[in-house]
Amino acid sequence: MGRRKRNIAEAKDLYDNSKESNALFEKYYTAQGMLPEAEWPAFMTAMREGLPVTFRITGFRGHSQSLLKLLRTRYLEDLLSLTDIRPPEPLPWYPSGMAYQLHTNRLAIRKINELQRLHSFLVTETETGHITRQEAVSMVPPLVLDVRSSHRVLDMCAAPGSKTGQMLELLHRGDDSEAGRSSGELPDGLIVANDVDQRRAYMMVHQLKRLQSPCFVVCAHDSSVFPRLRLEPDGPPLLFDRVLADVPCSGDGTARKNPGVWRRWKPGHANNLHLTQAKILKRGLELLAVGGRLVYSTCSLNPVENEAVVGKLLLETEGSVELVDVRPLLPGFKSLPGLSSWKVMGANGTLFEKYSDVPVGRDHAYLRPSFFDEGYKDLPMERCMRVLPHLQDTGGFFVAALEKRRHLPWMNPAKWDAAAATAAAADACAQDGGAVQAATGDAAPAGDAAAADSSGRPQSPKSKRRRFNEDPFLFMGPEHPVWRGISETFGIDSGRFPCGNVLYRCETSKKRHLYLVNDCARRLVQGNPELKTVNMGIKIFSVCDDAEYKGYRPLQEGLSLLEPFITLRRIRVPRCDLLVLLEHELPFSDRFTEATRTAWRP
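First residue of the sequence shown? That's 1 in the UniProt record's numbering, and the numbers climb one at a time after it.
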């Protein structure tokens, strides 16, 4: 065997799951009837194969089409002639052909010599935000949310942030070299990216910063009790146009990239998460505006985490929420309809069809009535989307889209103002470390979901909350001395530039970094001091302590936003001088043309 073929064979062996199995897993899913019996071998074979590498090009950048052309001509065409590697292919259902799939796993792409150039290209462009490496099924929820530039969007469980980044791209849809950013216009909408784990929230900031957008806020709250927010201190509660609830799950649909799933799988993993998932979905529906859309998704195949959670909330909301079919938004994407019936597995592997079949004992206390399909028979569960690995060489996934037709039965908009004031006082006490109990309003429906007051705000837990320590977010204005100096240096017209949306993070020391956000983000943070904000916006200026220049310098990541407003300290250079800058790290001045050297002299 030649060295090249041997490398390819070794790379495939790195992800060989062909011998993985779990008897309980197979017993449970064969009993569900989720696919025709003839397809079961193909399903199990796909589950044991490594997951292909998929990536997408950042769609709102003006040069995205140029980057796509470069990818095709310089990196992909050479691979078409290989006989032992299946050539990369665009995902047929992703808009504008901007997403690709490599029919090899993430470990093999580093091992196979023919793919190393492509791998290096993907790594470099990912760091700059031009490309995002993301699992194919993970791209589905943002697409079916149908985010528009004016939408206020809540991502309830956002980390690590690939779906959040995709929604941020959709918010900027229409920005390119001819419009949007080049004229200094910003979307009116906002992405609020939340994750309960503060460390994961910081990781997500890095993911979003690559996209150079001022239209996001990252915060760290328990999504099942996410606070009611306002855009004005005395204004109405903020309801979101779009909500993504990509909830924590058992993750058995990820077995292709997480082989440990085969060894760890137990029915209890899904059963233990059902109520938490229902609480998150319920809170998401409370925060959704009438007419808005919520997408509920998991990377699980288990109906207890999927159809049972959706069914539970459809019953509780008494017709105020509708389950909708979003397949027309994804032409070419293959999925199966949601299940209308399923079985539930007890701790010892016994399968039950009805809750009344569960004998008194451990399983009776451990299983809940909402796990079972008995109450959901009349619901249109076929509108859900079940994604199985053998359909299009993806991971396993579940998606359900819900639209809010009217206010939820337990929410009383007329009492929001009074209840929200009480809840704000409770929050203030809780942040001081006190044990508080939020004032109650209209009774929430009985059940396992967290109780809520008449504002739709869940009652604060009695347990002592950990302090949240973050530097403040302080906003400037046109008369701030720092901004006056910057605007004079760079010729920025403060009447055109939104200088009221420029912020800094320190009250006393020198303001080393300045950030820009859009109006909606500023109003959100100023109107909700209790919001546990981790980060927001884009860095536009930083202090320069150079020997020859002391002041603020514009930063590359924010330059596309600043450029339309800067009138001073800018020069045009010919192509030959631009090439000098690109080809040499620290070129001497005599490498540039005389015209350029004259232009940059003070």
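Just so it is clear, CB atoms sit at the ideal spot from N, CA and C, and this is done for glycine as well.
Owing to the predicted nature of the structure, the values given are computational and were not obtained by experimental measurement.
Which of helix, strand or coil DSSP assigns to residue i
i, result
"Gln116", "helix"
"Thr54", "strand"
"Leu301", "coil"
"Leu122", "helix"
"Met345", "strand"
"Asn501", "helix"
"Asn272", "helix"
"Ala158", "coil"
"Tyr552", "strand"
"Gly292", "strand"
"Cys520", "helix"
"Met476", "coil"
"Lys534", "Looking at the sequence shown, residue 534 is not Lys but Val. Strand at Val534."
"Tyr94", "coil"
"Met44", "helix"
"Arg173", "coil"
"Glu89", "strand"
The beta strand (DSSP E) enclosing residue i, as first and last residue numbers
i, result
"Phe240", "240-246"
"Ser542", "538-545"
"Thr132", "131-133"
"Phe216", "216-219"
"Ala193", "190-194"
"Leu323", "321-324"
"Val387", "385-387"
Per-residue burial, residue i [other beta carbons within 10 Å of its own, 16 or more giving buried]
i, result
"Cys576", "exposed"
"Lys510", "exposed"
"Lys279", "buried"
"Trp600", "exposed"
"Lys5", "At Lys5, the pLDDT of 48 sits below 50, so the modelled position is not reliable and the matter cannot be decided from this model."
"Cys520", "buried"
"Val360", "exposed"
Between the CA atoms of residue j and residue i - distance to the nearest angstrom
i, j, result
"Leu239", "Leu24", "43 angstroms"
"Lys69", "Arg263", "43 angstroms"
"Gly165", "Gln207", "7 angstroms"
"Ala400", "Arg386", "9 angstroms"
"Phe592", "His584", "12 angstroms"
"Leu288", "Leu118", "42 angstroms"
"Glu77", "Val243", "40 angstroms"
"Tyr28", "Thr350", "9 angstroms"
"Asp191", "Val153", "Here residue 191 is Ile; the residue named in the question, Asp, does not match the sequence. In a straight line, the C-alpha of Ile191 is about 5 angstroms away from that of Val153."
"Arg110", "Val137", "23 angstroms"
"His103", "Asp546", "49 angstroms"
"Ala430", "Ser96", "Bear in mind that the predicted position of Ala430 carries a pLDDT of just 44, short of 50, making it unreliable; the figure below should be weighed with that in mind. Approximately 49 angstroms between the Cα atoms of the pair."
"Met139", "Asn302", "20 angstroms"
"Trp410", "Arg74", "58 angstroms"
"Val261", "Glu305", "16 angstroms"
"Arg293", "Ser149", "15 angstroms"
"Ala365", "Asp373", "18 angstroms"
"Cys506", "Gly291", "40 angstroms"
"Gln32", "Glu353", "10 angstroms"
"Pro472", "Phe497", "23 angstroms"
"Val482", "Phe226", "36 angstroms"
"Glu339", "Gln526", "The question names Glu, but residue 339 in the sequence shown is Leu. One C-alpha to the other measures close to 45 angstroms."
"Arg106", "Thr128", "20 angstroms"
"Thr58", "Pro554", "23 angstroms"
C-beta contact flag for residue i and residue j at 9 angstroms
i, j, result
"Leu145", "Val295", "yes"
"Leu211", "Glu169", "yes"
"Ala193", "Phe216", "yes"
"Asp195", "Ala220", "yes"
"Val205", "Asn535", "yes"
"Glu403", "Glu322", "yes"
"Ser223", "Ala270", "no"
"Leu367", "Val344", "yes"
"Thr567", "Ile492", "yes"
"Ala245", "Met167", "no"
"Leu71", "Glu114", "no"
"Gly477", "Gly500", "yes"
"Lys282", "Glu307", "no"
"Leu171", "His151", "yes"
"Ile571", "Gly558", "no"
Host alpha helix (DSSP H) of residue i (start-end)
i, result
"Thr394", "Per DSSP, Thr394 belongs to no alpha helix (DSSP H) and is neither H nor E."
"Ala99", "Taken as a continuous stretch (DSSP letters only), Ala99 belongs to no alpha helix (DSSP H), being part of the beta strand (DSSP E) at 99-102."
"Val144", "140-145"
"Ala23", "23-30"
"Val482", "481-490"
"Val580", "575-583"
"Gln198", "198-209"
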